[in-house]
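Asker: The working numbering numbers the first residue of the sequence shown as 16 and each following residue consecutively.
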Amino acid sequence: MSDAITRSERLDPEVRALIETMDAQAPPRIESMSVAEARRTRAEGFKKNGGPPAVLARVEEALIPGPAGAIPARVYSSAVGGLRIGMVYFHGGGFVIGDLDTHDSMCRALARDSGAVVIAVGYRLAPESKFPAAIEDAHAATVWIAENAEKLGIDAQKIAVGGDSAGGTLATVVAMRCRDAGGPVLAAQVLLYPVIDLSRFDTGSYLEFAEDYMLRRSAMQWFASHYLGAAENARNPEASPLLARDLSGLPPALVITAEFDPLRDEGEAYAERLAEAGTAVTAKRYPGMIHGFAAMLGVLEGGRTAIREAGEFIRGL
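1) Would you list the residues sitting across from residue 26 in a DSSP beta bridge?
2) Enumerate in chain order the residues of its own chain whose CB-to-CB distance from residue 275 is below 6 Å, with the five nearest sequence positions on each side excluded.
3) When the Cβ atoms of the region 124-135 are set against those of the region 95-113, are three or more pairs found closer than 8 Å?
4) Considering only DSSP beta bridges, list what residue 291 is partnered with.
5) May I ask which residues mark the beginning and end of the beta strand (DSSP E) holding residue 90?
6) What do you get for residue 278, buried or exposed, if any count of 16 or more other CB atoms within 10 angstroms of its CB means buried?
7) Pick out whichever of 288, 231, 67 has its Cα sitting closest to the Cα of residue 46.
8) Determine the contact status of residue 272 and residue 208, defining contact as a CB-CB distance below 8 Å.
9) Who are the near neighbours of residue 17 in its chain, counting only those whose CB is closer than 8 Å to its CB and skipping five residues on each side?
10) Among 101, 79, 86, 286, which has the Cα closest to the Cα of residue 172?
11) Hey, quick one: how far does the beta strand (DSSP E) through residue 207 stretch, first residue to last?
12) My output table needs one value for residue 229: the three-state DSSP class, helix, strand or coil.
13) What did DSSP end up calling residue 274 once you bin it into helix, strand or coil?
14) Helix, strand or coil: how does DSSP classify residue 253 here?
15) Between which two residues does the alpha helix (DSSP H) carrying residue 222 extend?
16) Measure how close the beta-carbons of residue 141 and residue 241 come, nearest whole angstrom, since I'm counting them as under 8 Å.
17) Just curious, the beta strand (DSSP E) that residue 74 is in, first and last residue?
18) Run through DSSP, which three-state label would residue 173 get?
19) Hey, out of 206, 152, 264, whose CA is closest to residue 197's CA?
20) Can you tell me whether residue 163 is buried or exposed, with buried defined as 16 or more other CB within 10 angstroms of its CB?
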């Protein structure tokens, strides 16, 4: 029995069905598309797999002052009145695709399951705005939210940052920037299958899952080429947080990875380094899952479970 067949048999049945459906449609590889085509087609997939949006008591559009103009944001809450835990959320999409709408169902579910005020941030995307534009927007938005916490219905002492994939990178880099600047003090970081090292694409999970599991290694290289600009930026710790020398003094972290994800090994290595630096870490690998599964909560029970786990983690702050 080949390794490929062995791996596929370990896939969650819902994941296997989803991949087979995608294979039957024979979509073009993202690296063969223009950026505009990639954004359009992937947005359709995000919305389809995200499922029906949860009905919440409060969903509001907002504009946050940023370094290059107003940053669009969306505020979600399952209830109104009083001060609640705050969750600043950064969507995934390789720093190139994704927006407030692609992750709307996911953010609604997070708000419902956590009881927190979730604020999704529509940071600038590459290649129009390359590294570190997304980080600058994410950090500026977090600082502004902390400064205006009470107006937003948030307890300023209980603000977390979080994100999926590229958004997970932004969350942990924002945590580093806040630490280094002496504030705002963050209560937690929630990292869902984060992009943690853009300097290499040869970890064990990259080699094992380079093809056939939704996110290809070649797609990650395409994202990185659009985002980084100069090649040497790949070794900047703000692009590759795993390369940061000092990971001490960071907020408690929930790190969720997927078994069949090229990014699995770097996410788990980062969780280990955080723990070694003294950060309280809850690390969870979801068996049978693929990259992006939490955003596929409309079709994957594993995605719904991960959102509930993230919600419980936030609720416990």
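Each residue gets a CB set at the ideal place from its N, CA and C atoms; glycine is no exception. The structure displayed is predicted, hence computed values, not measured ones.
Answerer: From the atom records:
1) Along the sequence shown, one-based indexing puts residue 26 at 11. None; residue 26 has no bridge partner.
2) Along the sequence shown, one-based indexing puts residue 275 at 260. The answer, listed in chain order, is 224, 228, 305.
3) yes
4) Position 276 of the sequence shown, counted from the first residue, corresponds to residue 291. Beta-bridge pairing links residue 291 to no other residue.
5) What you label residue 90 is simply residue 75 of the sequence shown in a count that begins at 1. That run of the beta strand (DSSP E) goes 86-92.
6) Position 263 of the sequence shown, counted from the start, is the residue given in the question as residue 278. Answer is buried; the Cβ neighbour count reaches 16.
7) Within the sequence shown, the letter at position 31 stands for residue 46. For the residues 288, 231, 67, the minimum Cα distance to residue 46 belongs to 231.
8) For the purposes of this step, residue 272 is taken as the residue at position 257 of the sequence shown. For the purposes of this step, residue 208 is taken as the residue at position 193 of the sequence shown. Cβ atoms of residue 272 and residue 208: closer than 8 Å.
9) If you number the sequence shown from 1, residue 17 lands on position 2. Here the model assigns residue 17 a pLDDT of 38, short of 50, so the residue's position is not dependable, and the following value carries that caveat. Same-chain partners within the cutoff: there are none.
10) Against the sequence shown, residue 172 aligns to sequence position 157. That would be 101, whose Cα lies nearest to the Cα of residue 172.
11) Taking the sequence shown and counting its residues from 1, the one referred to as residue 207 is at position 192. Segment 203-207, the beta strand (DSSP E) holding residue 207.
12) For this step, residue 229 is matched to residue 214 along the sequence shown. In the structure shown, residue 229 sits in coil (DSSP, three-state: anything other than H, G, I, E or B).
13) Locating residue 274 in the sequence shown gives position 259, where the first residue counts as 1. In this structure, residue 274 counts as strand in the three-state DSSP scheme.
14) The residue labelled residue 253 in the question sits at position 238 within the sequence shown. Residue state, collapsed to three classes: coil.
15) In the sequence shown, counting from the first residue as 1, residue 222 sits at position 207. Here the alpha helix (DSSP H) through residue 222 covers 219-223.
16) As a first step, residue 141 must be located in the sequence shown, where it is residue number 126. As a first step, residue 241 must be located in the sequence shown, where it is residue number 226. Contact holds; Cβ gap of about 5 Å.
17) Position 59 of the sequence shown, counted from the first residue, corresponds to residue 74. First-last of the beta strand (DSSP E) with residue 74: 73-79.
18) To locate residue 173, count along the sequence shown from 1; it is residue 158. DSSP places residue 173 in strand when its eight states are reduced to three.
19) Taking the sequence shown and counting its residues from 1, the one referred to as residue 197 is at position 182. Among 206, 152, 264, the Cα nearest to that of residue 197 is on 264.
20) Looking up residue 163 in the sequence shown gives position 148. Counting Cβ neighbours within 10 Å, residue 163 comes out exposed, since fewer than 16 surround it.
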